[in-house]
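Report on the following structure.
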Amino acid sequence: MTPYPNLHALVEGQTIKYANHLLYHDLKMTNGDFFKLVQKTAHWLKGSGVLPKSRVLMSSIPFPWAECFAFAVWTVGGTLVIANEDCFKEAKAACKPTLSIRSDMAFKKEIIALSEQYNPDFRANIRSEALIFWTNGKGIRLSHYNLLVNANGVQKMLDLYEQDTYFIQLRSESSTWVVLQA
């Protein structure tokens with residue numbers, strides 16, 4: 002069993018429990034800071050036409066914006082589609098996202114100016130589609146349950162606890178990246 006009904010609830014729950022714990026040491030960003038940025042990004046996504054069950058394609062977004070966008074997509078109730086630059090056009094044609102986000106987009110200033118308070122209109126359930134990982138001409142679909150169970154398994158396998166830190170140096174274009182970020 003997973004302790005959360007969806008990935009938004011995961012980041013929300015961790016913020017309630019550990020708001021002042023450092024999430025990203027090099028940025029001095031706490032769980033609370035990250036959650037506020039996710040909330041602001043959710044506002045931006047909604048203003049960009051992303052609705053519950055919409056798909057959002059993301060490629061080559063730098064840290065920590067990739068992580069922020071992933072959780073913001075799940076906050077809005079959408080599905081994150083990830084693909085590397087070589088597969089971007091193919092993933093876009095196949096998955097028909099409402100919005101495509103690339104590193105060349107000037108979104109940071111707009112997001113920072115938005116409200117930290119976002120109340121989702123829709124909450125995905127554990128079986129809802131959460132991720133499509135596009136590679137080699139096909140998409141691999143994962144639900145919130147799939148991602149939460151995998152993240153929980155990695156946490157147990159690596160014996161990680163809330164006070165532990167670890168460094169992930171993966172590009173934001175694989176299901177492994179998503180699981181380790183969760």
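Here this note's numbering is used: position 70 in the sequence shown is 71, and no number is missing along the way.
In this text, a Cβ means the ideal position worked out from N, Cα and C, and glycines have one as well.
Note that the region 29-44 touches the region 99-118; at least 3 beta-carbon pairs, one per stretch, sit closer than 8 Å. For Leu132, no alpha helix (DSSP H) segment is defined; the enclosing uninterrupted segment is the beta strand (DSSP E) at Glu130 to Thr136. Taking one beta carbon from each stretch, the region 120-129 and the region 143-151 have 3 or more pairs nearer than 8 Å; the two touch.
Less than 7 Å separates the beta-carbon of Val12 from that of Phe72. Under the three-state reduction of DSSP, Tyr19 is assigned to helix.
DSSP places Lys90 in the uninterrupted alpha helix (DSSP H) bounded by Phe89 to Cys96. Spanning the alpha carbons of Ile169 and Tyr25 requires a straight line of approximately 11 Å.
Among the bridge pairs identified by DSSP, Arg172 is matched with none.
In the displayed model, Val39 falls within a helix according to three-state DSSP. Here the alpha carbons of Arg56 and Lys97 stand approximately 7 Å from one another. A distance below 7 Å separates the beta carbons of His9 and Trp75. Gly140 and Phe134 have their C-alpha atoms some 5 Å from each other. When rounded, the separation of the alpha-carbon atoms in Ala94 and Gln164 is 42 Å. Ranking Thr42, Ala20, Asn137 and Asp27 by CA distance to the CA of Gly33 puts Ala20 first.
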